[in-house]
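Q:
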Amino acid sequence: MSAAAGTDESPPSSNLVEAGTPLLVIKDVGKDYVSGAGIVRALRTINFVVNQGEFVAIIGTSGSGKSTLMNILGCLDRPTRGTYTLAGVDVGGRTADGRAIVRNRVIGFIFQGFNLLSRTTALENVELPLSYRGVSAKERRSRAERALASVGLATRTDHTPNQLSGGQQQRVAIARALVTDPPLLLADEPTGNLDTRTSLEVLALLQKLNVERGITIILVTHEPDIAQCAGRMITFRDGNIVEDRRVEDRKDAAHELSLLPPPEVYVAPGAGTADGALAALLAARKPVPFGVTWRLLLGTILGVLLGFLYGKYLVGKPVPGVGPGLGFLLEARFAAGYFQGEWGHQPAWRQSLKVAFWYSLGTLLLLGIVVLAAPPDALATFLTKGGGAAVTFAAASLGAVVVLTGIRFALARLAAYLHPKPKG
Ligand SMILES: Nc1ncnc2c1ncn2[C@@H]1O[C@H](COP(=O)(O)OP(=O)(O)O)[C@@H](O)[C@H]1O
Ligand SMILES: [Mg+2]
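Position 356 of the sequence shown, counted from 1, bears residue number 881 in the working numbering, the numbering being contiguous throughout.
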């Protein structure tokens with residue numbers, strides 16, 4: 526184990542073994558599953574060697590044994606027959622605990638379904654493997670930030686998975702796999718849920734990691750196009766290797782990507798525009814930030830004041846509806862201004878109006894409750910005779926805070942109702 530283990534302070538380098546020497550050796554490996562229907566021979570007799578720094582694609586139809594092999598390579602399962610040697614250590618024969626240690630230190634995993642924790646930010650997802658290793662919080666954070674930056678997600682660290690596109694989620698998963706600096710990366714159908722462009726983006730990233738950092742990659746896919754990006758292709762059929770060859774005219778994913786037509790203008794929730802960020806905020810059922818609430822309140826007050834001045838000086842008598850109407854428009858305008866300042870892009874009018882609408886409704890409801898709950902003339906009595914300006918001011922301030930907090934949460938709930946969580 527000594528060769529495979531790094532200390533937590535100095536993560537294992539990508540050079541576990543000398544370049545060109547075997548990193549892993551699979552010798553006469555077989556795997557049977559025993560089930561009610563009898564024995565399934567998922568792997569028959571498998572032999573192959575992978576050298577440090579290789580990029581291997583494993584291809585084959587569904588049920589041919591690819592995932593079974595990956596589970597063995599990843600030390601999640603052990604072979605029924607044969608031996609598996611990783612960096613000179615016979616891991617096939619180790620206990621479950623022994624395998625867990627190897628797995629944690631030597632191997633990074635990427636799955637088809639991303640396997641991210643959904644209510645947890647990208648940063649926390651990436652930190653997770655480090656917390657199993659007793660790394661300090663500060664160190665965890667800086668390493669997770671570095672890993673996210675290395676997959677191009679430095680600006681998305683506090684997004685939760687539902688605020689990220691599929692490709693971004695897979696990149697978070699790759700960052701999580703990389704954060705422990707594993708010399709070996711195992712990916713089981715990592716592009717299975719992604720479209721062509723996003724698949725190429727992920728492949729380009731994997732190729733870069735392979736070339737620049739010398740990370741050995743073993744990738745399972747059933748798509749020949751994807752396998753063409755690897756340096757070597759091993760084909761499985763019915764639990765056997767039927768072909769093992771170098772890839773001729775290997776594809777450069779970054780180059781392929783540059784040949785694609787420009788991406789469709791689709792804004793994934795939270796993808797960086799105020800519109801998306803606002804939708805994501807609402808969809809994540811987070812309260813609308815306090816910064817907006819103050820501006821909304823300012824909009825109301827200004828609108829009502831303008832309405833009052835308009836009636837008094839231009840018309841000569843109060844005109845009902847003008848104040849609230851102006852207030853409503855100003856609320857939407859100020860909300861838009863806030864999001865512009867926060868996210869560098871003004872949200873759609875529809876969005877701003879929605880925020881103003883729910884805010885107004887929330888305010889009216891809360892005021893209604895206050896009026897209904899208070900005895901008819903208690904408020905007036907309190908304001909006129911309740912102990913002077915200071916008490917009135919304090920009570921009003923407290924009331925404003927209570928109302929604002931109420932509105933903030935009412936808004937979040939109502940908005941969540943309006944914007945059900947996006948699917949997929
Ligand atoms: N846990 C299991 N129990 C019983 N049979 C299994 C189990 N896992 C896989 N198999 C069987 O082993 C064979 C290979 O499966 P798998 O490795 O998942 O194939 P692939 O990933 O290539 O689609 C299939 O026939 C599958 O039904
Ligand atoms: Mg599979």
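The C-beta atom is built at its ideal place from N, Cα and C for all residues, glycine as well.
Between V676 and A700, how many whole angstroms is the CB-CB distance? I'm expecting something under 8 angstroms.
A: That belief holds up - the Cβ atoms of V676 and A700 are roughly 5 angstroms apart, short of 8 angstroms.
Q: Less than 7 angstroms between the CB of S661 and some heavy atom of ligand 1, yes or no?
A: No; taking the cut-off as 7 angstroms, the Cβ of S661 has no heavy atom of ligand 1 nearer than that.
Q: Go through its chain and collect everything with a Cβ distance to D774's Cβ below 8 angstroms, but skip five positions before and after it.
A: Contacts found: Q753.
Q: Consult DSSP for N629 and reduce its assignment to one of helix, strand or coil.
A: Of the three classes helix, strand and coil, the one that applies to N629 here is helix, per DSSP.
Q: Using the Cα positions of E781 and R722, report the straight-line distance between them to the nearest angstrom.
A: E781 and R722: Cα-Cα distance of roughly 9 angstroms.
Q: Of the residues V844, L830, A860 and G846, which one's Cα is nearest the Cα of F815?
A: If we check each option's Cα against that of F815, A860 comes out closest.
Q: Pair every Cβ in the stretch 586-595 with every Cβ in the stretch 614-622, then say whether three or more of these pairs are closer than 8 angstroms.
A: No, the stretch 586-595 is not in contact with the stretch 614-622.
Q: How long is the line joining the alpha carbons of V559 and S661, rounded to whole angstroms?
A: Roughly 43 angstroms between the two C-alpha positions.
Q: To the nearest angstrom, report how far apart V767 and E867 are at their CA atoms.
A: So the alpha carbons of these two residues sit roughly 57 angstroms apart.
Q: Comparing alpha-carbon positions, which option in I635, E579 and F573 lies nearest G607?
A: Here the closest residue by C-alpha is F573.
Q: Does the beta-carbon of S592, which I'm using as the reference point, lie nearer than 7 angstroms to any heavy atom of ligand 1?
A: Yes, the Cβ of S592 comes within 7 angstroms of a heavy atom of ligand 1.
Q: For N576, list the residues DSSP reports as bridge partners.
A: P547.
Q: Tell me which residues share the same chain as S724 and place their Cβ nearer than 7 angstroms to its Cβ, disregarding the 5 neighbours each side in the sequence.
A: Taken in chain order, the residues that qualify are T716 and I751.
Q: Express the C-alpha separation of A778 and L785 in angstroms, rounding to a whole number.
A: Cα-Cα distance, rounded: 11 angstroms.
Q: Skipping 5 residues on each side, what residues in its chain have a beta carbon closer than 7 angstroms to that of D553?
A: Excluding residues within five positions, the ones whose Cβ falls inside 7 angstroms are T570, N572, R606 and G607.
Q: Less than 7 angstroms separating the Cβ of Y558 from some heavy atom of ligand 1?
A: Yes, the beta carbon of Y558 sits closer than 7 angstroms to at least one heavy atom of ligand 1.
Q: So is the beta-carbon of D774 under 7 angstroms away from any non-hydrogen atom of ligand 2?
A: Not under cutoff, so the answer is no.
Q: Enumerate in chain order the residues of its own chain whose CB-to-CB distance from R665 is below 7 angstroms, with the five nearest sequence positions on each side excluded.
A: So the qualifying residues of the chain are E652, L655 and S656.
Q: Tell me the rounded alpha-carbon separation between Y609 and G692.
A: Cα to Cα, the separation comes out at about 33 angstroms.
Q: Taking the straight line between their C-alpha atoms, what separation do you get for L889 and W883?
A: Approximately 10 angstroms between the Cα atoms of the pair.
Q: What would DSSP say about G862, mapped onto helix, strand or coil?
A: DSSP places G862 in helix when its eight states are reduced to three.
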